[in-house]
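Q: Would you mind keeping the following structure in view while I ask a few things?
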Amino acid sequence: MSFTLAIVGRPNVGKSTLFNRLVGKRLALVDDQPGVTRDLREGIARLGDLRFTVIDTAGLEEATDESLQGRMRKLTERAVDMADVCLFLIDARAGVTPTDEVFADILRKRADHVILGANKAEGSAADAGIYESYGLGLGEPVRLSAEHGEGLNDLYAQLMPLADEYEERARAEAPETEVVLDEDGEDAEGEGEAIASRTPTPERPLQMAVVGRPNAGKSTLINTILGEDRLLTGPEAGITRDAISLQLDWDGLPVRVFDTAGMRKKSRVQDKLEKLSVSDGLRAVKFSEVVVVLLDAAIPFESQDLRIADLAEREGRAVVVAVNKWDIESEKQQKLRDMREAFERLLPQLRGAPLVTVSAKTGKGLDRLRAAVEKAYEMWNRRVPTAQLNRWLAGMVEAHPPPAPGGRRIKLRYMTQAKTRPPHFVVMCSHPDKLPESYSRYLVNGLREDFDMPGTPIRLHMRSQSDKNPYKSKKKSTPSRLRKHIHGKNNPPK
3 MSFTLAIVGR
13 PNVGKSTLFN
23 RLVGKRLALV
33 DDQPGVTRDL
43 REGIARLGDL
53 RFTVIDTAGL
63 EEATDESLQG
73 RMRKLTERAV
83 DMADVCLFLI
93 DARAGVTPTD
103 EVFADILRKR
113 ADHVILGANK
123 AEGSAADAGI
133 YESYGLGLGE
143 PVRLSAEHGE
153 GLNDLYAQLM
163 PLADEYEERA
173 RAEAPETEVV
183 LDEDGEDAEG
193 EGEAIASRTP
203 TPERPLQMAV
213 VGRPNAGKST
223 LINTILGEDR
233 LLTGPEAGIT
243 RDAISLQLDW
253 DGLPVRVFDT
263 AGMRKKSRVQ
273 DKLEKLSVSD
283 GLRAVKFSEV
293 VVVLLDAAIP
303 FESQDLRIAD
313 LAEREGRAVV
323 VAVNKWDIES
333 EKQQKLRDMR
343 EAFERLLPQL
353 RGAPLVTVSA
363 KTGKGLDRLR
373 AAVEKAYEMW
383 NRRVPTAQLN
393 RWLAGMVEAH
403 PPPAPGGRRI
413 KLRYMTQAKT
423 RPPHFVVMCS
433 HPDKLPESYS
443 RYLVNGLRED
453 FDMPGTPIRL
463 HMRSQSDKNP
473 YKSKKKSTPS
483 RLRKHIHGKN
493 NPPK
């Protein structure tokens with residue numbers, strides 16, 4: 003991307019609506035009440051032939067203390083410092099307010115390039131506010147309607163010369179790099195160990211979602227991994243509302259991480275905005291590859307924690323369970339034993355999944371968490387050669403033959419892996435509808451143990467393969483050429 007554009011302004015002027023319009027997706031939550039956006043959300047904007055990074059920010063508040071509004075303002079000021087261009091948005095229908103004047107003065111001092119945008123400018127009701135905005139000293143305003151997509155051509159005209167300038171600068175500063183590809187770009191199926199299908203790269207990073215109950219420390223954990231206060235945190239539960247996506251290099255592992263809103267029990271979620279936040283978090287789980295379920299060490303494995311972990315498994319995502327706030331736990335060894343026992347008992351579908359203790363506040367245990375995430379991702383991509391699978395299946399059947407309902411033995415004839423991410427296996431057998439669920443679990447547990455896939459969601463499908471010979475009902479006949487050779491061309495058989 004050639005440059006970064008930050009959309010700033012006081013609450014409820016339409017920043018998130020314009021952000022969604024520029025990225026072409028409903029990524030940011032939008033609602034009539036002010037203060038919906040709290041974190042910084044990044045996206046790839048498309049405007050004509052321009053491609054740039056756009057940042058949606060929290061509404062600028064006049065608070066400067068350590069309150070929630072004060073911390074939101076500091077985060078927005080960081081976005082102003084990070085961005086190449088700031089789009090200062092005002093509400094043309096409301097006109098210029100004293101708050102707008104305060105922040106216009108701040109932007110003149112802190113930002114290199116400021117574009118003034120007058121949103122909600124459709125119709126004559128906005129004319130008075132447009133004329134007032136000239137008094138901010140930021141040049142001619144761009145008339146916009148983020149809701150209806152009006153004024154984007156004028157915004158393009160303002161950004162075009164800046165885009166050329168930043169593109170030339172980026173080209174001059176870009177280092178030369180070598181990109182090495184393998185010969186065919188694909189996995190070669192061999193007879194050796196099971197292999198992973200791909201390695202994360204900066205272009206295709208590992209997608210990781212951090213989920214859990216409110217106030218478990220999800221945003222603090224991501225800030226510690228990043229090494230900076232990029233996400234808004236605090237003692238208040240439920241600060242995060244959007245599922246924020248960030249790309250980072252985690253000690254050599256390219257990752258795109260999603261910070262999600264805390265998920266409470268459905269019966270307790272009454273507020274419309276919280277419902278939107280939770281659904282946004284569920285969507286992040288569906289788009290992720292590895293899900294880190296973050297627990298609070300003081301109250302681990304509550305019913306909501308179990309529901310969240312089960313959701314990730316049902317969606318087919320690799321799961322890592324992390325127990326946060328371990329630095330304030332006094333009886334560490336006993337607590338860890340109790341948690342491992344509870345994990346095995348309460349989440350048998352995730353048997354063998356990694357359980358890692360961390361402290362998001364101090365950063366202790368994050369190296370183990372990174373290793374667990376990388377290993378879970380590798381197992382989630384694991385592919386087992388067909389020949390190796392069938393040798394394994396023969397051994398499993400010999401050690402424990404399937405039952406014979408009604409005196410008819412069920413034959414397991416052939417096994418192959420149909421998919422990865424997560425691993426899907428297909429077994430061709432007779433009478434698959436009569437094979438009990440307990441035998442399928444026996445095979446799944448054997449796959450986990452023998453092919454080193456603990457905790458990975460495994461899908462096992464039984465398909466019917468008939469005993470009947472497809473040629474049995476066909477009448478045997480002598481081939482025509484052989485008949486001619488035996489009887490001669492002009493002497494057909496009588």
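Quick note: the sequence shown uses the working numbering, first residue 3, plus one each step.
Just so you know, even glycine gets a beta-carbon here, dropped at the ideal spot from N, CA and C.
As the structure is a prediction and not an experimental result, all values here were calculated from the model.
1. For the candidate residues Pro407, Leu138 and Glu315, whose alpha-carbon lies nearest to that of Pro456?
2. Measuring alpha carbon to alpha carbon, tell me which residue in Arg372, Ala299, Asp253 and Asp435 is nearest Val528.
3. When DSSP labels each residue in this structure, what does Phe453 get in the three-state scheme?
4. Does any C-beta atom of chain C lie closer than 7 Å to the C-beta of Asp156?
5. Can the beta-carbon of Thr19 be found closer than 7 Å to that of Glu124?
6. Report yes if the C-beta distance between Lys17 and Asp58 is below 7 Å; otherwise report no.
7. Keeping to the same chain, check which residues put their C-beta closer than 8 Å to that of Pro424; ignore five residues upstream and five downstream.
8. For the beta strand (DSSP E) that Asp261 lies in, which residues bound it at each end?
9. Which residue from Lys436, Ser442 and Gly409 puts its Cα closest to that of His402?
10. Just to confirm, is the Cβ distance from Val10 to Asp93 under 7 Å?
11. Within 8 Å, do at least three Cβ pairs link the region 340-354 to the region 385-405?
12. From this set, Val358, Arg370 and Lys363, which residue's C-alpha is nearest Thr226's C-alpha?
13. One question on the structure: do Ala113 and Ser135 come within less than 7 Å of each other, judged by their Cβ atoms?
14. Using DSSP with H/G/I as helix, E/B as strand and the rest coil, what is Gln249?
15. Can you tell me whether DSSP reads Ile412 as helix, strand or coil?
16. Sorted by chain position, which residues of the same chain lie with C-beta nearer than 7 Å to Gly137's C-beta, five sequence neighbours on each side aside?
17. Could you check the C-alpha separation between Ala127 and Pro143 for me, to the nearest Å?
18. Buried or exposed: which applies to Gln419, given that a residue is buried once 16 or more other Cβ atoms fall within 10 Å of its Cβ?
19. By how many angstroms is the C-alpha of Val323 removed from the C-alpha of Ala378?
20. For Lys122, name the three-state secondary structure that DSSP assigns.
21. Go through its chain and collect everything with a Cβ distance to Met417's Cβ below 6 Å, but skip five positions before and after it.
22. For the candidate residues Asp329, Lys337 and Leu349, whose alpha-carbon lies nearest to that of Ile310?
23. DSSP three-state label for Gln526, please.
24. For the structure I just gave you, are there three or more beta carbon pairs, one from the region 247-259 and one from the region 325-338, closer than 8 Å?
25. Look up Ser221 in the DSSP assignment and say whether it is helix, strand or coil.
26. Could you tell me whether the Cβ atoms of Asn326 and Leu296 are closer together than 7 Å?
27. DSSP state of Ala96, grouped into three classes?
28. Label Gly359 either buried or exposed according to how many other C-beta atoms from any shown protein chain fall within 10 Å of its C-beta, with 16 as the threshold for buried.
29. Using only alpha-carbon positions, find the residue among Val87, Val25, Arg53 and Ala47 that is nearest to Ala8.
30. Decide if Ile46 is buried, meaning its Cβ has at least 16 other Cβ atoms within 10 Å, or exposed.
31. Nearest by alpha-carbon distance to Phe427: which of Arg465, Gly141, Ala165 and Glu230 is it?
32. If you count every other CB in all the chains shown that lies within 10 Å of the CB of Gly397, and 16 or more means buried, which is it?
33. Would you check if the distance between the CB atom of Val116 and the CB atom of Leu91 is smaller than 7 Å?
34. Determine the burial state of Ala159: buried for a count of at least 16 other Cβ atoms within 10 Å of its Cβ, exposed for fewer.
35. Note down the Cα distance separating Asp34 from Asn447, rounded to an integer number of angstroms.
A: Taking the structure as given:
1. Glu315
2. Since the first and last residues shown for the chain are 3 and 496, residue 528 lies out of range.
3. Coil, per DSSP.
4. Reference to chain C is not applicable here, since this structure consists of a single protein chain.
5. no
6. yes
7. Gly318, Arg319, Ala320, Trp382, Thr458, Pro459, Ile460 and Arg461
8. Leu255 to Asp261
9. Distances from the CA of His402 to each of Lys436, Ser442 and Gly409 were compared; the closest alpha carbon is that of Ser442.
10. no
11. Contact fails: fewer than three Cβ-Cβ distances are below 8 Å.
12. Lys363
13. no
14. Three-state result, Gln249: strand.
15. coil
16. Val98
17. 16 Å
18. Per the 10 Å Cβ criterion, buried.
19. 11 Å
20. It is coil, neither helix nor strand.
21. Leu391, Asn392, Leu395 and Val429
22. Distance check between Ile310 and each of Asp329, Lys337 and Leu349 places Leu349 closest, using alpha-carbon atoms only.
23. As displayed, the chain neither begins before 3 nor continues past 496, which places residue 526 out of reach and without an answer.
24. no
25. helix
26. Yes, the Cβ-Cβ distance between Asn326 and Leu296 is below 7 Å.
27. coil
28. The sequence shown places Thr at residue 359, rather than the Gly named in the question. Per the 10 Å Cβ criterion, buried.
29. Val87
30. exposed
31. Residue Arg465 is the option with its Cα nearest to Phe427.
32. exposed
33. no
34. exposed
35. Low per-residue confidence applies at Asp34: pLDDT is 45, beneath 50, and the placement is therefore not dependable, though the value from the model is reported in the following sentence. When only Cα atoms are considered, Asp34 and Asn447 end up about 50 Å apart.
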